[in-house]
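Have a look at the structure below, then the notes.
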Amino acid sequence: MTDKIARRKLGRPRREASTPVDDVISDLGGNAAVARLLNSRRSTVSMWCTRGRIAPAHYLKISQALAAMGKTADPSLFGIKPPRLREEFTYFFMPRFMQVR
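All the letters of the sequence shown, read from the start, carry residue numbers 547 to 647 under this note's numbering.
Structure representation (structure tokens):
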């Protein structure tokens, strides 16, 4: 019985430090404001904070809203990887005898 009471009082532990996703969402006005902006649920936005990543489908709307405020967000927060460099492609498609290792 006391374990149930202790668990109920403690609840789920909170994160101490804010993540970059938390910063982006707070810059846009919080979970409810971002949910309204994206026609989504607050629980969805809250889950992004927990996972530390925003769904890539919302990159355009969020980046436009941040740009209107004069701010930016790193594309890696949305799971978007930067394009590979041209040198990597040319090396990959070179014949094996031309590759220097």
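From the three backbone atoms N, C-alpha and C, an ideal C-beta is built for every residue, glycine too.
Check residue i in the structure and name its three-state DSSP category.
i: T596; result: helix
i: N585; result: coil
i: I501; result: Within the shown structure, residues of the chain are numbered from 547 to 647, placing residue 501 beyond reach of any answer.
i: K627; result: coil
i: S622; result: helix
Exposed or buried, which one is residue i when buried takes at least 16 other CB atoms within 10 Å?
i: L574; result: buried
i: L623; result: buried
i: I626; result: exposed
Among the residues of its own chain, which have a CB less than 7 Å from the CB of residue i, if the five just before and after it don't count?
i: N577; result: I571, R588, V591, S592
i: G616; result: none
Only counting the same chain, and skipping five residues up and downstream in sequence, which positions put a Cβ closer than 8 Å to that of residue i?
i: L612; result: V570, D573, L574, T618, A619
i: Q610; result: none
Could you give the first and the last residue of the continuous alpha helix (DSSP H) run that contains residue i?
i: S609; result: 605–614
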